[in-house]
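Step one of this worksheet: look at the structure below.
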Amino acid sequence: SSLFVYPTKIIIKTCGTTQLLKSVRPLINYAHDLGLTICSCRYTRGNFIFPKSQPFPHTSFKEEVIYLEDKLPITLCYRKATVMPSKMTSHAWHVFTACDQTQVVTPLPNMPDIAFTMEICMTDLDRVLARKFFRRPNDGKNGDTAGKEMTDLTGIGDINPGAIICDFAFDPCGYSMNGIDGDRYSTIHVTPEDGYSYASYECVGSVYDDQDDVVQMLKKVVQVFRPATMSVSTTCASHEVWTRVAHAIEPLGLKCRSCIMDEFPSAGTVVFQTFTVARR
Amino acid sequence: MAESGFEGFEKRLELHFFGDDPVIHDMGLRLLDFDSLQEVLDAVQCTVVSAVGNQYFDAYVLSE
Chain E
761 SSLFVYPTKI IIKTCGTTQL LKSVRPLINY AHDLGLTICS CRYTRGNFIF PKSQPFPHTS
821 FKEEVIYLED KLPITLCYRK ATVMPSKMTS HAWHVFTACD QTQVVTPLPN MPDIAFTMEI
881 CMTDLDRVLA RKFFRRPNDG KNGDTAGKEM TDLTGIGDIN PGAIICDFAF DPCGYSMNGI
941 DGDRYSTIHV TPEDGYSYAS YECVGSVYDD QDDVVQMLKK VVQVFRPATM SVSTTCASHE
1001 VWTRVAHAIE PLGLKCRSCI MDEFPSAGTV VFQTFTVARR
Chain S
6 MAESGFEGFE KRLELHFFGD DPVIHDMGLR LLDFDSLQEV LDAVQCTVVS AVGNQYFDAY
66 VLSE
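Residue numbers (this note's numbering), protein chains in the order written: chain E, 761 to 1040; chain S, 6 to 69.
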């Protein structure tokens, strides 16, 4: 799980049975104390592997939307909630957005920068590679030093060599990392256990980045985890980035199985693509 | 599939704010003190295990 705090933006991403949406009102209240007012909200998630384990308000997407609708001020009146399906029942992408009048996205060609967020979820990780995210018994390390060892051992540090990495290894297994590079973050979270192995990679970028950057990043991510199933959700005000995703991933042996997109008043276009290992 | 495994799939929340005070706007939410952040994380049921920051933002690794 990770938290990123910018002057006027906060991103919090948690796994397990955490009750993430319970942070909404406290954050709005603390921000108000600082003279800041909320103007947009975006909530996304995949499908839970263990939905019955989730506590309120995460018992269902309908319940999450009702909770968010109740906690957000009426000024955020442009609201949309969608479940974007794929061909696999285990993979669907849930999106809720809300914004006030000032945030309604009107993609103009002369926008100074068009940022994107890419949220990647990977399951059925390669077992040998996943095993690298288990602590060695009595390794004499703490979470930080073991985390650094895993970053080096797995090649995660090579995904963005220019980033400052803050990593942590959990005991007996599991790994989290945040990379910071200028005003951009990337984050990885790994649950390596057989039967429900999972890894996520998230990063932000700009449509004006070198097109090859996204391709190289995706290649390295796939090589670190070698997932049998992968979903990529790209959120952007334009269509520049998602078209590169399939081109980057298919040569790695993962075939695109579905691609669906939807428009959201504040976030822009969300494109949800799923890939599974190509059958030989 | 065992019903007691760890849920890897995350929930993700992104909130944007605006403010009129240029001084606050410069640092804004980064002025939140650690206790306030931890109070928010308590509501979520997680805690900070590692942190790093630069001139643009602060990044925290959390643990349930």
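Just so you know, even glycine gets a beta-carbon here, dropped at the ideal spot from N, CA and C.
Counterpart residues of residue i in DSSP-defined beta bridges
i         : result
E:Leu978  : The partner list for E:Leu978 (beta bridge, DSSP) is empty, contrary to what the question assumes.
E:Gly1028 : E:Phe1024
E:Ile770  : E:Val765 and S:Leu20
E:Trp853  : E:Met844
E:Ile916  : Note: E:Ile916 sits in no beta bridge, so no partner.
E:Gln1033 : E:Val992 and E:Cys1019
E:Thr819  : Per DSSP, none; premise fails for E:Thr819.
E:Tyr827  : None, per the DSSP bridge assignment.
E:Glu879  : E:Glu962 and E:Ser993
Minimum C-alpha distance to residue i - residue among the options
i        : options                                    : result
E:Thr804 : E:Asp972, E:Phe821, E:His999 and E:Thr777  : E:Phe821
E:Thr857 : E:Met848, E:Glu1000 and E:Leu836           : E:Leu836
E:Pro897 : E:Cys933, E:His792 and E:Pro987            : E:Cys933
E:Cys859 : E:Ile880, E:Leu828 and E:Pro845            : E:Leu828
E:Asp970 : E:Arg1004, E:Leu832, E:Thr911 and E:Cys881 : E:Arg1004
E:Ile798 : E:Thr778, E:Pro815, E:Tyr961 and E:Pro833  : E:Pro833
E:Asp850 : E:Leu796, E:Ser991, E:Ile919 and E:Glu824  : The identity of residue 850 of chain E in the sequence shown is Ser, whereas the question assumes Asp. The candidate whose alpha carbon is nearest that of E:Ser850 is E:Ser991.
S:Val54  : E:Thr777, E:Asp886, E:Ala929 and E:Phe985  : E:Ala929
E:Gly900 : E:Val888, E:Asp931, E:Ala841 and E:Ile916  : E:Asp931
E:Arg895 : E:Lys812, E:Asp973, E:Trp1002 and E:Thr951 : E:Thr951
Short Cβ contact (9 Å threshold) for residue i with residue j
i         : j         : result
E:Ile966  : S:Leu67   : At residue 966 of chain E the sequence reads Ser, which differs from the Ile that was named. For E:Ser966 and S:Leu67, no; Cβs fall outside 9 Å.
S:Phe22   : E:Ile770  : yes
S:Phe14   : E:Phe764  : no
S:Gly24   : E:Leu794  : yes
E:Gln863  : E:Ser998  : no
E:Ile1009 : E:Phe1035 : yes
E:Asp927  : E:Gly955  : no
E:Glu1000 : E:Phe893  : no
S:Leu34   : E:Thr947  : no
E:Gly922  : E:Asp941  : yes
E:Val1030 : E:Trp853  : yes
E:Thr774  : S:Val57   : no
S:Leu46   : E:Val784  : no
E:Met882  : E:Tyr945  : no
E:Pro815  : E:Gln861  : no
E:Ala1006 : E:Glu953  : no
E:Ile880  : E:Val984  : no
S:Lys16   : E:His792  : no
E:Ile925  : E:Thr911  : yes
E:Ser960  : S:Glu69   : no
E:Cys963  : S:Leu18   : no
Assigned secondary structure, residue i (DSSP; H/G/I helix, E/B strand, else coil)
i         : result
S:Ala56   : strand
E:Ser813  : helix
E:Gly907  : helix
E:Thr835  : coil
E:Leu868  : Residue confidence for E:Leu868 is low, a pLDDT of 49 falling below 50, so the modelled location carries little weight and cannot support an answer.
E:Asn938  : strand
E:Asp899  : coil
E:His949  : strand
S:Gly33   : helix
S:Ala7    : Caution is warranted here: a pLDDT of 48 is assigned to S:Ala7, below 50, making its placement in the model unreliable, and the coordinate value is therefore given only provisionally. In this structure, S:Ala7 counts as coil in the three-state DSSP scheme.
E:Arg986  : coil
S:Tyr61   : coil
E:Glu962  : strand
E:Phe894  : strand
S:Phe39   : helix
E:Arg805  : strand
E:Asp973  : helix
E:Asp793  : helix
S:Glu44   : helix
E:Ala1006 : helix
Under 9 Å by beta carbon: chain E residues contacting residue i
i       : result
S:Phe39 : Neighbours of S:Phe39 on chain E: none; closest Cβ ~11 Å, over 9 Å.
Neighbouring residues, chain S, relative to residue i (Cβ below 9 Å)
i         : result
E:His999  : Result: empty, since nearest Cβ-Cβ is about 21 Å, beyond 9 Å.
E:Lys769  : Glu19, Leu20, His21, Phe22, Gly33, Leu34 and Phe62
E:Arg1017 : Those within 9 Å of E:Arg1017 in chain S number zero; the least Cβ separation is about 18 Å.
E:Phe821  : None at all; the shortest Cβ gap to chain S is about 11 Å.
E:Asn938  : Ser55, Ala56, Val57, Ala64, Tyr65 and Val66
E:His818  : Lys16
E:Pro845  : Correct list: empty, because the minimum Cβ distance to chain S is about 16 Å.
Within chain S, the residues that residue i reaches when beta carbons sit closer than 7 Å
i        : result
E:Asn807 : Phe14
E:Ser966 : Within chain S, no residue comes near E:Ser966; the closest Cβ sits about 14 Å away, beyond 7 Å.
E:Leu763 : Tyr65 and Leu67
Neighbouring residues, chain S, relative to residue i (Cβ below 8 Å)
i        : result
E:Ser783 : Leu18, Val45, Leu46, Ala48 and Val49
E:Ile880 : Those within 8 Å of E:Ile880 in chain S number zero; the least Cβ separation is about 11 Å.
E:Cys837 : Residues of chain S passing the Cβ test: none, with the nearest at roughly 15 Å.
E:Phe928 : Val54, Ser55, Val66 and Ser68
E:Ile924 : Val57 and Asn59
E:Glu953 : Gly10 and Phe11
E:Leu863 : One point to set straight first is that residue 863 of chain E is Gln, not Leu, in the sequence displayed. Residues of chain S passing the Cβ test: His21.
E:Cys801 : Leu18, Glu19, Leu20 and His21
E:Ile798 : Leu20, His21 and Phe22
Between the stretch 43–58 of chain S and chain B, which residues of the former have CB atoms less than 8 Å from a CB of the latter, in chain order? Looking for chain B here will not work: the only protein chains present are E and S.
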